[in-house]
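Chemist: If you read the sequence shown in the numbering used here, its first letter stands for residue 62, the second for the next number, and so on.
Note that the Cβ used here is the ideal one computed from N, Cα and C, for glycine as well.
Mind looking over this structure? Questions follow.
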Amino acid sequence: MNLFEQYGLSEDILKAIKDLGYDQPTEIQKQTIPYLLSKEEDLLALAQTGTGKTAAFSLPILEMIDGHQKQVQALVLCPTRELCLQISKDIASYSKYLSNIRSLAVYGGSSISEQIRGLKNKPQIVIGTPGRVNDMLKRGALQINQIQWLILDEADEMLSMGFKTELETILKETPKERRTLLFSATMSKQVEGIAKNYMKGAQKISAGKINEVKKNITHKFVVVRDRQKNNGLRRILDANPDIYSIVFCRTRLETQNIADFLMHQGYSADALHGDLSQAQRDTVMKKFRLRNLKTLVATDVAARGLDVNDLTHVIHYSLPDDPEVFIHRSGRTGRAGKDGESIAVIRPNEMVKFNRIKKETAINVEEMKIPTKEVILQAKELYLSSKLLNSDFDTEEFELTGTPDLSSISKEELYKRVMFLELKSTWEFYKNEKDIAPIDKNERFSDRDSSSQGNRRERDRDRDRDRDRNRRDKKGGVKENKSRNKRGKKQGNFTRFFFNLGKKDNLNKVTVIDLINKNTKGARADIGDIDIRDKFTFFEVDSNYADQLLKKINQLSFNGKSMSLEIAQ
Ligand code: AMP
Numbered sequence: 062m063n064l065f066e067q068y069g070l071s072e073d074i075l076k077a078i079k080d081l082g083y084d085q086p087t088e089i090q091k092q093t094i095p096y097l098l099s100k101e102e103d104l105l106a107l108a109q110t111g112t113g114k115t116a117a118f119s120l121p122i123l124e125m126i127d128g129h130q131k132q133v134q135a136l137v138l139c140p141t142r143e144l145c146l147q148i149s150k151d152i153a154s155y156s157k158y159l160s161n162i163r164s165l166a167v168y169g170g171s172s173i174s175e176q177i178r179g180l181k182n183k184p185q186i187v188i189g190t191p192g193r194v195n196d197m198l199k200r201g202a203l204q205i206n207q208i209q210w211l212i213l214d215e216a217d218e219m220l221s222m223g224f225k226t227e228l229e230t231i232l233k234e235t236p237k238e239r240r241t242l243l244f245s246a247t248m249s250k251q252v253e254g255i256a257k258n259y260m261k262g263a264q265k266i267s268a269g270k271i272n273e274v275k276k277n278i279t280h281k282f283v284v285v286r287d288r289q290k291n292n293g294l295r296r297i298l299d300a301n302p303d304i305y306s307i308v309f310c311r312t313r314l315e316t317q318n319i320a321d322f323l324m325h326q327g328y329s330a331d332a333l334h335g336d337l338s339q340a341q342r343d344t345v346m347k348k349f350r351l352r353n354l355k356t357l358v359a360t361d362v363a364a365r366g367l368d369v370n371d372l373t374h375v376i377h378y379s380l381p382d383d384p385e386v387f388i389h390r391s392g393r394t395g396r397a398g399k400d401g402e403s404i405a406v407i408r409p410n411e412m413v414k415f416n417r418i419k420k421e422t423a424i425n426v427e428e429m430k431i432p433t434k435e436v437i438l439q440a441k442e443l444y445l446s447s448k449l450l451n452s453d454f455d456t457e458e459f460e461l462t463g464t465p466d467l468s469s470i471s472k473e474e475l476y477k478r479v480m481f482l483e484l485k486s487t488w489e490f491y492k493n494e495k496d497i498a499p500i501d502k503n504e505r506f507s508d509r510d511s512s513s514q515g516n517r518r519e520r521d522r523d524r525d526r527d528r529d530r531n532r533r534d535k536k537g538g539v540k541e542n543k544s545r546n547k548r549g550k551k552q553g554n555f556t557r558f559f560f561n562l563g564k565k566d567n568l569n570k571v572t573v574i575d576l577i578n579k580n581t582k583g584a585r586a587d588i589g590d591i592d593i594r595d596k597f598t599f600f601e602v603d604s605n606y607a608d609q610l611l612k613k614i615n616q617l618s619f620n621g622k623s624m625s626l627e628i629a630q
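Structure below.
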């Protein structure tokens with residue numbers, strides 16, 4: 062008898078999970094399934110994607126749900142359309158032998174009237190994004206006042222994407238007697254706030270330590286100057302000819318720029334970020350899943366919900382602020398028992414930040430060098446030769462008509478010529494390229510890339526921030542969204558934004574402040590740091606005004622250019 066059977070799950074559910082090849086429960090399932098089946102309290106679970114958390118909440122709910130009742134009994138909220146579809150697909154496969162159970166996914170970017178029509182089927186389970194669920198509630202199309210289970214999946218992500226107001230509105234519509242199950246990869250202040258205000262007597266569980274590092278991931282880092290980062294990345298890709306990877310960036314702009322660079326150089330790469338339309342995102346993800354794309358350049362948020370299990374590499378093109386995000390990113394590789402490599406490409410002035418990540422996550426990292434032309438050519442040759450000599454080569458049925466007389470040529474010469482044909486373009490490209498020399502340890506913590514005073518000031522400020530943050534975190538941790546304001550302004554909860562206009566668009570502090578004031582209703586919003594760079598800007602505003610600003614500014618344009626505002630990651 063396996064553990065699933067011991068939990069007392071019904072035959073129909075056992076059969077369905079057996080079809081999926083689930084022999085034994087995962088760690089989180091062991092902690093969650095018996096608890097949900099035997100107790101009535103809420104659940105607060107610290108768990109990341111890939112732990113089996115969908116089955117952890119779905120199986121007990123499917124066991125307990127009443128298939129004869131025709132109202133919504135369970136509502137699952139999750140941050141993205143992709144995750145919504147994934148959960149919906151999983152629930153459909155767990156309930157495939159439960160003929161009375163119906164579920165429906167509702168999310169933005171698709172016709173709302175079609176989804177409202179779906180409600181006519183009387184699903185007992187609705188899986189939705191907070192925005193779309195809210196819309197449906199406002200229209201009176203969806204009733205959730207009878208639900209028994211409310212599941213908040215990836216709660217931290219929903220909150221950091223600015224869905225706090227929507228979540229609270231939804232929570233208020235649900236009955237007090239509901240059972241709330243909250244899953245989150247990180248326990249941010251905002252998540253704690255939701256748990257405190259809307260949950261009762263919750264059992265807290267954690268599926269493995271949050272910082273648990275998977276044993277089969279090798280962590281590497283390489284220090285490289287800003288201006289050499291793109292070529293460094295290119296060399297890393299070249300030195301790994303069989304690569305299937307995600308390159309993580311922090312902003313949409315950076316993501317697009319890196320993807321454009323790689324595509325122009327002829328790499329099988331594309332971008333995935335929030336500025337793309339839903340159809341564009343779907344196409345990119347499909348191509349990546351089918352491996353028609355080898356490298357996906359993505360923001361953290363956009364890469365969520367992408368269920369790909371066999372990545373060979375995760376590359377951190379930019380470091381995240383939060384060490385847990387670093388671990389989360391790295392955990393996208395080394396799945397399903399395979400080995401994986403995580404490579405952080407670090408600017409010299411990011412060493413402080415990287416050391417903090419290293420310390421907090423307790424990962425073992427080895428330093429690597431940007432591959433030289435010899436290393437790249439050797440790696441490519443090894444890859445090709447192992448393909449060439451692969452014993453599975455089944456050429457019997459493959460007939461060639463023009464096989465020439467090969468007696469005048471040695472095997473070695475033939476091999477060399479085949480390699481030459483294949484490697485010629487790489488060889489020619491690197492022939493006159495200077496290798497990227499490692500940066501001396503003394504030069505780290507500074508970046509002598511550019512002599513411009515403004516740039517240096519920007520970098521110093523970054524470094525100061527890193528140090529400040531480091532000290533604060535050591536003291537007991539004021540986290541990211543607290544103001545980093547050093548000019549004596551009021552301290553409070555600030556949201557940091559990334560804005561697509563900068564000095565080149567004639568933006569200055571006065572225009573930024575003016576823009577914020579014009580687009581926040583009521584009392585003046587507190588403004589924190591404003592950091593105007595050449596092509597974009599970071600600024601901080603009181604978090605209470607975040608939603609308003611996002612809604613309004615994204616509809617505006619400045620000197621003919623559409624404004625794009627997003628929460629900085
Ligand atoms: P999740 O964390 O829910 O996204 O699940 C990650 C992956 O693990 C999915 O592909 C699931 O189908 C798979 N999975 C979940 N539970 C089990 C299990 N008990 N045994 C094997 N695979 C599982």
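1. Between which two residues does the beta strand (DSSP E) carrying R557 extend?
2. Which residues share a DSSP beta bridge with C139?
3. How about Q67: is its Cβ closer than 7 Å to a heavy atom in ligand 1?
4. Where do the ends of the alpha helix (DSSP H) carrying V406 lie?
5. If you follow the beta strand (DSSP E) that T360 is in, where does it begin and where does it stop?
6. Which value, in whole angstroms, describes the spacing of the CA atoms of N63 and D84?
7. Would the stretch 484-503 and the stretch 421-436 be scored as touching if the rule is three or more Cβ pairs under 8 Å?
8. With respect to 7 Å, is the separation between the Cβ of P86 and the closest non-hydrogen atom of ligand 1 below this value?
9. Are the Cβ atoms of P637 and K414 separated by less than 8 Å?
10. Enumerate in chain order the residues of its own chain whose CB-to-CB distance from R239 is below 7 Å, with the five nearest sequence positions on each side excluded.
11. Rounded to the nearest angstrom, how far is the Cβ of T360 from that of T316, given a contact under 8 Å?
12. Taking buried to mean at least 16 other C-beta atoms within 10 Å of its own C-beta, is H374 buried or exposed?
13. Just checking G111 against ligand 1 - is the residue's beta carbon closer than 7 Å to any of the ligand's heavy atoms?
14. Examine the Cβ distances between the stretch 152-170 and the stretch 90-106 and report whether three or more of them are shorter than 8 Å.
15. Three or more C-beta pairs closer than 8 Å, one from the stretch 221-241 and one from the stretch 615-624: is that the case here?
16. So is the beta-carbon of Y83 under 7 Å away from any non-hydrogen atom of ligand 1?
17. Looking at Y259 and T241, is the spacing between their C-beta atoms short of 8 Å?
18. Excluding the 5 residues flanking I94 on each side, which residues of the same chain have their C-beta closer than 7 Å to its C-beta?
19. So within the stretch 227-270, which uninterrupted beta strand (DSSP E) runs reach at least 3 residues, ignoring any that extend past its ends?
20. Under three-state DSSP, which class holds V436?
21. Specify the secondary structure class of G179 as computed by DSSP and reduced to three states.
22. Is it true that the CB of R286 sits closer than 8 Å to the CB of P381?
23. Which of the three DSSP states, helix, strand or coil, is assigned to F65?
24. Can you tell me which of the three DSSP states R509 falls into?
25. Can you find the residues in the same chain that come closer than 8 Å, C-beta to C-beta, to R365, ignoring five residues on each side of it along the sequence?
26. Just to confirm, is the Cβ distance from P184 to L228 under 8 Å?
27. With Y491 and I437 assumed to form a contact (beta carbons below 8 Å), what rounded beta-carbon distance in angstroms separates them?
28. Within 10 Å of its beta-carbon, does R530 have 16 or more other beta-carbons around it, so buried, or fewer, so exposed?
29. Looking at the secondary structure, which residues open and close the alpha helix (DSSP H) in which A607 lies?
30. How about P86: is its C-beta nearer than 8 Å to some C-beta of chain B?
31. Using CA atoms only, rank isn't needed, just tell me which of Q134, G189, I205, T115 is closest to Y155.
32. Since E72 is in the alpha helix (DSSP H), which residue starts that stretch and which ends it?
Modeler: Judging by the given coordinates:
1. Position 496 of the sequence shown, counted from the start, is the residue given in the question as residue 557. Taken as a continuous stretch (DSSP letters only), the beta strand (DSSP E) holding R557 covers 555-560.
2. Here residue 139 corresponds to residue number 78 of the sequence shown, with the count starting at 1. Its beta-bridge partners do not exist; DSSP assigns none.
3. Sequence index remark: in the sequence shown, residue 67 carries index 6 (1-based). No, since every heavy atom of ligand 1 falls outside the 7 Å radius drawn around the Cβ of Q67.
4. Here the question's residue 406 lines up with position 345 in the sequence shown. Run containing V406: none in the alpha helix (DSSP H); it sits in the beta strand (DSSP E), 401-407.
5. One-based indexing of the sequence shown puts residue 360 at position 299. Per DSSP, T360 belongs to the beta strand (DSSP E) from 356-360.
6. For the purposes of this step, residue 63 is identified with residue 2 of the sequence shown, where counting begins at 1. For the purposes of this step, residue 84 is identified with residue 23 of the sequence shown, where counting begins at 1. Rounded to whole angstroms, N63 to D84 spans 7 Å at the Cα level.
7. Short answer: they touch.
8. Stepping through the sequence shown from its first residue, residue 86 is reached at position 25. Yes - ligand 1 has a heavy atom lying nearer than 7 Å to the Cβ of P86.
9. Any question about residue 637 goes unanswered here, given that the chain covers just 62 to 630.
10. Here residue 239 refers to the residue found at position 178 when the sequence shown is read from its first residue. Once the five neighbours on either side are set aside, the close Cβ partners of R239 are I208, Q209, W210, L211.
11. Taking the first residue of the sequence shown as 1, we reach residue 360 at position 299. Taking the first residue of the sequence shown as 1, we reach residue 316 at position 255. Indeed, because the Cβ distance is near 5 Å, the residues count as touching under 8 Å.
12. Numbered from 1 along the sequence shown, position 313 holds the residue referred to as residue 374. Classification of H374: buried, given that the 10 Å Cβ count is 16 or more.
13. Counting from 1 along the sequence shown, the entry for residue 111 is found at position 50. Yes; taking the cut-off as 7 Å, the Cβ of G111 has a heavy atom of ligand 1 nearer than that.
14. Contact fails: fewer than three Cβ-Cβ distances are below 8 Å.
15. no
16. For this step, residue 83 is matched to residue 22 along the sequence shown. Yes, ligand 1 has a heavy atom inside 7 Å of this Cβ.
17. Indexing the sequence shown from 1 puts residue 241 at position 180. Indexing the sequence shown from 1 puts residue 259 at position 198. Yes, Cβ-Cβ distance for T241 and Y259 is below 8 Å.
18. Sequence index remark: in the sequence shown, residue 94 carries index 33 (1-based). Counting only Cβ-Cβ distances below 7 Å, and skipping sequence neighbours, we find Y68, P86, A117, L120, P121.
19. 240-245, 264-267
20. In the sequence shown, counting from the first residue as 1, residue 436 sits at position 375. In this structure, V436 counts as helix in the three-state DSSP scheme.
21. Stepping through the sequence shown from its first residue, residue 179 is reached at position 118. G179: helix per DSSP, three-state reduction.
22. If you number the sequence shown from 1, residue 381 lands on position 320. If you number the sequence shown from 1, residue 286 lands on position 225. Result no, Cβ atoms of P381 and R286 do not sit closer than 8 Å.
23. As a position in the sequence shown, residue 65 is number 4, starting the count at 1. F65: helix per DSSP, three-state reduction.
24. Walking along the sequence shown from the start, residue 509 turns up at place 448. For R509, the predicted model reports a pLDDT of 44, less than 50, meaning its position is unreliable; a value from the coordinates is still stated below. R509 falls in the coil class under three-state DSSP.
25. For the purposes of this step, residue 365 is taken as residue 304 along the sequence shown, with counting starting at 1. Take R365, set aside five residues on each side of it, and the residues of its chain with a beta-carbon closer than 8 Å to its own are T110, P140, T141, E143, L144, E215, E218, in chain order.
26. The residue you call residue 184 lines up with position 123 of the sequence shown. The residue you call residue 228 lines up with position 167 of the sequence shown. It is not a contact, given that the beta carbons lie outside the stated cut-off.
27. Numbered from its first residue, the sequence shown carries residue 491 at position 430. Numbered from its first residue, the sequence shown carries residue 437 at position 376. Indeed they touch by this definition, with Cβ atoms about 6 Å apart.
28. Working through the sequence shown from its first residue, we reach residue 530 at position 469. Legend: pLDDT at R530 = 39, less than 50; position of this residue unreliable, no value from coordinates given.
29. Reading the sequence shown from its first residue, position 546 is the one you call residue 607. Note, A607: alpha helix (DSSP H), 607-614.
30. The structure shown has no chain B; it contains just one protein chain.
31. Position 94 of the sequence shown, counted from the first residue, corresponds to residue 155. Taking only the C-alpha atoms, the option nearest Y155 is T115.
32. Numbered from 1 along the sequence shown, position 11 holds the residue referred to as residue 72. Run containing E72: 72-80, per the alpha helix (DSSP H) assignment.
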